[in-house]
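Residue numbers (our numbering): 121 to 286. Note that the Cβ used here is the ideal one computed from N, Cα and C, for glycine as well. For clarity, every value in this text was computed on a predicted model and none was experimentally measured. Take a look at the structure below.
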């Protein structure tokens, strides 16, 4: 009987090892599948100058706030015109998210609000490049924050203040 017991114990031990190995091999694939199916943030396509540091900083800021980004280092004048954003509301980069044009250093929370409220509009603009806006808030500005408005731009080119920052 001793021989039968010694045969079963290693087999039982072997089964447990195989089960543990199978679980260890399966778990990373399952975790990857779970992260791949997690909802991704909205895609923001950004047209910018390849040498512009503040545009790059704004893109990084968007990613840190849950957006996915795709950048085109081709400048933004042509796409701004093609998308219908009036030049007077222009800035250093132009973006497109869910059919809305985003011009300049618009804060992520305002883009999120735009996507939630879905107004009948062309998009949002922060004209020029106000210091203290996202991407224009690095250490080189010494904590300075200029007041600025985020404008809701309608398809006919009119605007209303969407959000004020002071």
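Check, Outcome
"Cα-Cα separation, residue 241 to residue 209", "14 Å"
"Unbroken beta strand (DSSP E) run spanning residue 269, endpoints", "268-273"
"Buried/exposed call for residue 270, threshold 16 Cβ in 10 Å", "buried"
"Range of the contiguous alpha helix (DSSP H) that encloses residue 181", "173-184"
"Separation of residue 202 from residue 151, as counted between CA atoms", "Annotation note: pLDDT 45 at residue 151 (below 50); position unreliable, coordinate value reported separately. Answer to the nearest angstrom: the Cα atoms are 42 Å apart."
"DSSP state of residue 232 mapped onto helix, strand, coil", "helix"
"Proximity winner among 178, 234, 173, relative to residue 274 (alpha-carbon distances)", "234"
"Residue burial classification, residue 277 (beta-carbon count within 10 angstroms, cutoff 16)", "exposed"
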